[in-house]
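A short write-up of the structure that comes next.
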Amino acid sequence: MESAIRTNNLRKVYNSPPPSAAGRGDGSGPKAPNVNDKQSKESKSQITALDGINLEVVAGQIFGLLGPNGAGKSTAVGILTTRVRPTSGAAWVGGHNVWQDQTAAKRKIGVVAQRPNLDFSLTAREILLFHGAYFGISSRERSDRAAALLDRFKLTDRAGQLVRGFSGGMMQRVSIARAMMHDPQVLFLDEPSVGLDPQTRLLLWEIIREYNQKGRTILLTTHNMEEADTLCQHLAIIDHGRIIASGTPSELKASIPGGFVLRLRFAHAPGELLQRFTALSGVTEVRASGETGADVYSDRGGSLIPEIVTTAAGFGVELSDVHISEPSLENLFLHHTGRSLRE
Amino acid sequence: MLRGATSFLLLLQTFLQPLLFVFIFGRVMTGNGLLPAAYKSLLLPGIMAISMVFTGMWAVAMPLIAEFQFTREIEDRLLAPIDISWVAIEKVVAGLIQALVAGLTVIPLAWIILRPGLEIHINNLPLFAGMLFLVASFSACGGLALGCTVDQQHIGLMFSMVMTPMIFFGCTYYPWSSLAKFPILQKIVLINPLAYASEGLRATLVPQFPHLSLPLILVALSFFDVLLLVLGLRQFRKKAVS
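So the protein sequences, as listed, match chains A and B. As numbered in this note's numbering, residues 2 to 344 make up the first sequence, in order. As numbered in this note's numbering, residues 11 to 252 make up the second sequence, in order.
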């Protein structure tokens with residue numbers, strides 16, 4: 002099948018902190034290189050945001066980049082949308098190299114940035130009309146498309162008002178409508194549902210699916226499990242600038258050993274005890290988590306608890322906390338990184 | 011995009027200072043005899059140069075600073091299917107037009123305030139038009155270079171450290187020849203592009219007064235225009251792509 006987006010060993014190293022649009026969230030952000038190496042002063046401030054990304058998005062897919070804040074999602078989108086210069090490697094959108102053939106690539110894409118970037122001195126309708134004009138759409142066609150999009154996004158009654166006074170959710174809807182104005186082959190949505198109320202989020206998902214049914218490709222970034230699971234047909238899980246797993250949501254979930262994860266906490270957890278857990282029926286893998294915890298991957302959940310408690314009691318250890326999670330992408334992330342997506 | 015109230019404020023902001031300057035120095039000070047009447051005509055080109063340079067620089071630099079760092083509204087235009095340099099050029103052209111309008115509005119204003127005794131002699135209209143264009147380009151290209159170099163938190167500094175010295179050492183309130191008694195200063199002000207702008211307008215608007223040689227002015231202004239445009243575009247590309 003034809004690929005809409007392709008990247009080859011894409012790397013991005015920032016010499017100074019990346020702009021917030023390229024998404025460096027919190028402390029779990031991109032890793033700084035080891036400064037103890039015999040590296041020059043300059044490299045001390047270097048931050049590796051993307052560390053050799055290979056992506057292939059088939060045309061007509063809804064593709065999700067799932068990862069925590071600062072994983073490199075926005076940097077990847079930045080490069081694919083010509084706004085960030087790759088340090089090395091290459092990326093193509095619709096067959097055009099995004100760095101060498103920017104103008105052709107920009108014709109193919111629509112972009113919704115993570116932070117609102119609407120022109121505050123324009124009305125919602127004007128924003129759509131102006132955007133259409135940048136792409137050379139005729140005046141009549143522009144008004145027709147703008148009217149249809151405003152209606153679809155339930156913005157018609159506010160279309161003539163300045164976006165300055167809009168709520169965050171309304172601004173986000175205008176941003177997405179604007180990105181769809183020139184009917185791009187590939188639509189990039191960077192964290193599209195952040196800050197939306199559940200009702201608007203559902204509307205947005207519906208619109209994304211509709212757009213996809215027209216044969217368009219959509220790449221969205223998210224750290225929302227539900228969004229990744231229900232909306233995306235294909236996922237790549239990204240952490241510290243690397244892709245740690247990819248596949249369809251069901252493939253990914255099936256790849257977790259056992260499916261269920263029991264996160265256990267004890268007063269103390271001797272290694273021998275953890276070994277004993279491995280022998281319990283249904284348990285596929287046991288991992289130590291810190292000094293006093295263990296993550297047990299198993300094909301059953303609650304029914305395993307009595308056996309765990311009994312086994313632990315045999316070692317004179319008391320179970321102090323337990324959290325059971327069902328097969329999910331969250332567990333997949335935990336399995337690959339040892340961290341929860343929300344941590 | 012400008013709307014009614016904003017345009018009015020912009021107009022006021024552009025013309026208030028030159029207007030007051032023309033009134034006090036051109037009308038009051040010459041009226042009470044502290045300055046000779048001829049100063050009216052000498053002052054006008056300088057005021058025009060200040061208005062044009064201020065307007066053009068402000069019109070390009072301020073939106074750039076705000077759009078890159080605050081509203082981010084430039085992002086959508088950077089995604090238009092053209093080379094991103096055209097987005098910068100569009101800003102420069104808009105600033106250039108505003109500078110031209112500002113410059114041309116000073117003449118009727120001065121006419122109202124300074125009459126009688128104001129002696130304007132535009133002997134060569136195409137040359138005057140060309141000079142206006144060069145001065146307006148200088149202001150807009152300078153705005154691009156400044157706007158893409160200065161951070162939001164340094165706007166105040168930019169105006170006090172760049173604009174103010176430029177105006178006072180820019181042969182705006184006095185002709186270059188009057189610096190003859192200060193030979194070192196007279197040489198130093200020649201690195202100030204505004205000096206050529208003021209002298210250029212003086213040479214084409216009130217040629218009866220001494221001024222720098224026209225070829226020198228034309229070469230210097232063209233040089234600064236190209237230099238600032240090239241520098242500005244380079245800075246713009248750096249800012250637009252991370």
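Backbone N, C-alpha and C define an ideal beta-carbon position, used for all residues, glycine too.
Item                                                                                                                                     : Value
Sequence-distant residues of its chain with Cβ nearer than 7 angstroms to Ser176(A) (five each side left out)                            : Val113, Pro117 and Leu119
Reduced DSSP category for Asp27(A) - H, G, I as helix; E, B as strand; rest coil                                                         : Only weak support is given to the placement of Asp27(A): the predicted model assigns it a pLDDT of 38, under 50, and the value that follows is read from those uncertain coordinates. Coil, per DSSP.
Val99(A) at chain B interface by Cβ criterion, 8 angstroms                                                                               : no
Buried or exposed by the 16-neighbour rule on C-beta atoms within 10 Å, applied to Lys109(A)                                             : buried
C-beta atoms of Val172(B) and Trp186(B) nearer than 8 angstroms                                                                          : no
Cβ neighbour criterion (16 or more within 10 Å) applied to Asp93(A)                                                                      : First, the amino acid is wrong: residue 93(A) is Trp here, not Asp. Burial call: buried.
Beta carbon proximity, Asp161(B) to chain A, threshold 8 angstroms                                                                       : no
Spatial distance of Cys158(B) from Phe18(B) (CA atoms)                                                                                   : 26 angstroms
Any chain B beta carbon closer than 8 angstroms to Thr338(A)                                                                             : no
Beta-carbon neighbours of Ile99(B), restricted to chain A and to distances below 8 angstroms                                             : Those do not exist, as Ile99(B) stays about 15 angstroms from chain A at its closest Cβ, beyond 8 angstroms.
N- and C-terminal bounds of the alpha helix (DSSP H) containing Ser147(B)                                                                : Leu135 to Gly157
Whether Leu305(A) touches Gly283(A) by CB criterion (8 angstroms)                                                                        : yes
Cβ shell of Glu3(A) (< 8 angstroms), same chain only, five flanking positions each side left out                                         : Val59 and Ala60
Same chain, Cβ closer than 8 angstroms to Gly248(A), five either side skipped, listed in chain order                                     : His235, Leu236 and Ser256
Residue environment, His183(A), which counts as buried when at least 16 other CB atoms sit within 10 Å                                   : buried
Contiguous alpha helix (DSSP H) assignments of at least 4 residues, all confined to the stretch 77 to 133 of chain B                     : 84 to 88 and 95 to 124
Own chain, CB closer than 6 angstroms to Arg143(A), minus 5 neighbours either side, in chain order                                       : Leu130 and Gly133
Chain B within 8 angstroms of Lys215(A), Cβ atoms only                                                                                   : no
Cross-chain neighbours of Arg244(B) in chain A, by beta carbon under 8 angstroms                                                         : What Arg244(B) touches in chain A: nothing, since even the nearest Cβ is about 14 angstroms away.
Arg247(B) versus Met67(B) - alpha carbon distance                                                                                        : 19 angstroms
Test: Ser252(B) CB closer than 8 angstroms to a CB of chain A                                                                            : yes
Euclidean distance between Cα positions of Arg126(A) and Ala160(A)                                                                       : 5 angstroms
Residue-chain proximity (Leu119(A), chain B), Cβ-Cβ < 8 angstroms                                                                        : yes
Partners in chain A for Glu85(B), counting only beta-carbon separations shorter than 7 angstroms                                         : Ala114 and Asn118
Status (buried if at least 16 other CB within 10 Å, exposed otherwise) for Val229(B)                                                     : exposed
Which of helix, strand or coil DSSP assigns to Ile264(B)                                                                                 : With chain B covering only 11 through 252, there is no way to say anything about residue 264(B).
Beta strand (DSSP E) segment containing Gly36(B), residue limits                                                                         : From DSSP, Gly36(B) is part of no beta strand (DSSP E); its letter is neither H nor E.
Proximity test, Cβ basis, 8 angstroms: Lys107(A) and chain B                                                                             : yes
Spatial distance of Ser252(B) from Lys101(B) (CA atoms)                                                                                  : 20 angstroms
Touching by the beta-carbon criterion (3+ pairs, under 8 angstroms), the stretch 23 to 36 of chain B and the stretch 53 to 62 of chain B : yes
Asp230(A) burial status per 10 Å Cβ neighbour count (16 or more: buried)                                                                 : buried
Under 7 angstroms by beta carbon: chain B residues contacting Tyr212(A)                                                                  : Ordered by position in chain B, no residue passes the 7 angstroms Cβ test against Tyr212(A), which lies about 18 angstroms from the chain.
Where Tyr212(A) sits in the DSSP three-state scheme                                                                                      : helix
Neighbour flag for Leu89(B) against chain A, beta carbons, 8 angstroms                                                                   : yes
Partners in chain D for Thr104(A), counting only beta-carbon separations shorter than 7 angstroms                                        : In the structure shown, chain D does not exist; the protein chains are A and B.
Interface flag, Thr182(B) vs chain A, CB-CB below 8 angstroms                                                                            : no
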